[in-house]
Structures are given as C-alpha cells and as structure tokens.
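Read in order, the letters of the sequence shown are residues 3 to 325 in our numbering.
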Amino acid sequence: MKAAVLTRYGPPEAVRIAEVEKPSAKVGEVLVKVHATTVNRTDCGFRAAKPFIVRFVAGLIRPRVTILGNEFAGEVETVGGGVTSFAVGDRVFGYRDNPFGGHAEYIAIREGGMIATIPAGLTYEEAAPILEGSHYALSAIRGAKIHSGQAVLVNGATGAIGSAAVQLLKSLGADVTATCGSEHVDLVKGLGAGRVIDYTAEDFTKDEQEYDVVLDLVGKSTFGQCRRLLKPGGTYVSSDLGPMGQNPLLALVTPLFRRRKVKFPLPRQNRSMALYFKELVETGEYRPVIDRRYSFDEIVEAYRYVETGQKIGNVVIVVVSSN
C-alpha cells in the first residue's frame, strides 16, 4: 500500500510517499481502507520533533513511528476475530495517535478504540476531521468543569481545537468570548461566540472583562499573562505545555492556594468518545470546520500550509478521490 513515510525528523520534505506493507486486522481489530485523513499540529510536531520532548516519546535519534496521521475516515475492509460492532463495508471515522498510521491507504484499529460509523449525509472528507480538535477541546472543557452561564474566553477560535471548543461551549450554554483575526469574525460568531476580540487590533490579555475560564487553545499565552482576566477561583487551561513546560507543574501547585488555578487535563480516547461526537454531529451541535483539501500526493504541501499557522479549522488529505 501507499503511505506518507517519515524516516528522519525534519521539514515537510522529510515526508515522502512510498510503498509499505499493508496491515491486517488482528483479533479485536478492524482494517479500514482510508479515503480521507488530515494534517494537523500534532503531525507537524512529531514530524519535526518540536518541542524536543517529542523525541522521548517518538524516538531520540530517529522516529520509531514512520507513518503519521491520527485521523481518518474510510470503509471497513476486513474485521478480526471477535469483532461485533462493525462489519465489512461500514463507513467509519476514527482517531488513533498510538501509534498513528492515518497517512496511509489502510489502517488497523481496535474495535474499542476511537472509531464509529459516519453520520448519515457526511462524505469521508467531511467525517475525517471530526475527532482530533474536538476531543482535545472537550478535554479542556470538562477539565475546567465549565457549565451553563459561565463566562469563557477562547483564545485561538479558528484552529481545529478552538473552532470545536466554541461550538461545544455554545451547546453547553456558556457565554463565549473568542479571539480571531478580523477576516474571521463572522465565522467565529457563527460558531457560537457572543463576543469576538480581533487579535490584530487588540491584546486579549488586556481585556477588561473577567472570566470564569480562559482556554488558550493555541498555546500563545501564559497563566501569568491571563491571571488578571480570571475571576477569583477562575481556571486557566492551555493546549500546550507552556514555556519551560510550566503548565503541568502549575496544574499541580495552583489548586493548593484555592484562588485562580491552572488545569492541564489529558484527553480520553475510547469508542464512547467517538460515539459522543457522532451524536453531536447528527444533532447539528458540532461540525468540524474545513479549510483546505489536498490530494495524498500533495501531503508535503499540506504540511507546509499547516506550519504557516494560518489554517482555519482543519486541513483534509484526500486519499481516495470518490466519496
């Protein structure tokens, strides 16, 4: 089968299309013929080994995992022994980041992993980006224990995580303020933000409003910068480790003082998560934002675009052109 292969850390050009061995469905697994996948910040980080701590997970000198890609949508080709939830021919979408594998024509995944049948009416390309940004967003929202009526600031509302977070917060009944560039104000309001701060015109950390929760979903701020925005007892959550990896440490220390605190929640990855987002898509409460589509042979160009930091929502890779 064809796959986008990485044998060394480096720039987008370190990725190349090559023939590799096709996986098989083991006991408890399904084999999916991939029709669409995505390129996201996680892929870029593992490809370039940035931050350096990535190497302690992915391989110190060279990558142990040579096929990246954590999201996919496709058709079940075979099922392993004991599988009862899926059948050959099912249209499915899923997420797998251990050990990735979505940037290929086939991927095998556990029946109990993050995989579900595609909601009716969605193409493979529309289904592929359902889970990556959304499950990180949901982890942040649940970690901060956000509920209806709370004032929440979302920094980075046009990214995959941020655009999902705004929609999820709206469905919860939160009062959402979000940041984005001037050209995307209407998009972000349409996702559910009641108020939008144009980061090209003003610094959101200087905002006069106070919030129950600040969600920095692009990792461009620090707790120190955002502390003044938080109400007493308020919570700061970032999608990144922060300077010198401070956020996990602050998450341990700040709750001890019972004032403003940092949370660094870790996402859950199981089939119930996939089913949860399938239901939200079906009810119209969530729909992933898609920026651009690239063919599989253009995956290096997709990496280049994602690394500009200008993508809006998700970048989809079309592995099989028909839907």
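Every residue, glycine too, gets a C-beta built ideally from N, C-alpha and C.
List the residues that DSSP assigns as beta-bridge partners of residue i.
{"i": "S240", "result": "D218"}
{"i": "E21", "result": "K4"}
{"i": "L155", "result": "T179, V216"}
{"i": "K263", "result": "T237"}
{"i": "L232", "result": "Y213"}
{"i": "Y108", "result": "K35"}
{"i": "M116", "result": "Y97"}
{"i": "V322", "result": "Note: V322 sits in no beta bridge, so no partner."}
{"i": "R197", "result": "T179"}
Can you look up residue i in the DSSP assignment and give me helix, strand or coil?
{"i": "P257", "result": "helix"}
{"i": "K313", "result": "coil"}
{"i": "M3", "result": "coil"}
{"i": "I143", "result": "helix"}
{"i": "V178", "result": "strand"}
{"i": "A162", "result": "helix"}
{"i": "A16", "result": "helix"}
{"i": "L282", "result": "helix"}
{"i": "L133", "result": "coil"}
{"i": "F102", "result": "coil"}
{"i": "T202", "result": "coil"}
{"i": "Q227", "result": "helix"}
{"i": "Y138", "result": "helix"}
{"i": "S274", "result": "helix"}
{"i": "A167", "result": "helix"}
{"i": "P245", "result": "helix"}
{"i": "S150", "result": "coil"}
{"i": "E287", "result": "coil"}
{"i": "L268", "result": "coil"}
{"i": "P121", "result": "coil"}
{"i": "K208", "result": "helix"}
{"i": "T9", "result": "coil"}
{"i": "K172", "result": "helix"}
{"i": "S184", "result": "helix"}
{"i": "K28", "result": "coil"}
Is any heavy atom in the ligand ATP found nearer than 7 Å to the beta carbon of residue i?
{"i": "I319", "result": "Ligands in the displayed structure: none, and consequently the ligand ATP is not present."}
Among the candidates the options, whose CA atom is the shortest distance from the CA of residue i?
{"i": "S141", "options": "A180, G164, V317", "result": "G164"}
{"i": "V2", "options": "I109, Q152, G91, S241", "result": "One cannot answer for residue 2 here, as it falls past the ends of the chain, which runs 3 to 325."}
{"i": "V187", "options": "L174, I301, A6, A203", "result": "A203"}
{"i": "K313", "options": "E21, F259, V41", "result": "V41"}
{"i": "E134", "options": "I148, Y97, A110, G115", "result": "Y97"}
{"i": "H149", "options": "Y138, T125, L174", "result": "L174"}
{"i": "Y138", "options": "P25, D293, G221, G151", "result": "G221"}
{"i": "Y307", "options": "P14, S274, N100", "result": "P14"}
{"i": "L231", "options": "L189, Y288, V156", "result": "V156"}
{"i": "L8", "options": "A106, T80, G30", "result": "A106"}
{"i": "V291", "options": "C182, V318, S323, T256", "result": "V318"}
{"i": "Y108", "options": "L170, G82, A27", "result": "A27"}
{"i": "I143", "options": "A129, V178, T125, G115", "result": "V178"}
{"i": "Y296", "options": "V321, Y201, T285, E284", "result": "V321"}
{"i": "V81", "options": "N72, V198, G71, V94", "result": "V94"}
{"i": "Y11", "options": "V34, E23, P53", "result": "P53"}
{"i": "R66", "options": "S274, P101, E212, M275", "result": "P101"}
{"i": "S223", "options": "P131, A162, D242", "result": "D242"}
{"i": "C132", "options": "L62, A253, E284", "result": "Before going on, a small fix: residue 132 reads as Ile here, not Cys. I132 has its Cα closest to that of E284, out of L62, A253, E284."}
{"i": "G145", "options": "A253, L189, A89, T39", "result": "A253"}
Looking at the unbroken beta strand (DSSP E) that takes in residue i, where does it start and where does it end?
{"i": "K35", "result": "31-41"}
{"i": "S297", "result": "292-297"}
Please list the terminal residues of the continuous alpha helix (DSSP H) segment that includes residue i.
{"i": "A60", "result": "56-60"}
{"i": "R306", "result": "301-308"}
{"i": "V190", "result": "187-193"}
Using a Cβ-Cβ distance cut-off of 8 Å, determine whether residue i contacts chain C.
{"i": "G91", "result": "Judged by its chain identifiers, the structure shown contains no chain C, having just a single protein chain."}
Self-check item: beta strand (DSSP E) segments (min. 3 residues) lying fully within the region 48-96
Solution: Taking 3 residues as the shortest admissible run, the region 48-96 contains the following complete beta strand (DSSP E) segments, listed from N- to C-terminal end: 73-81.
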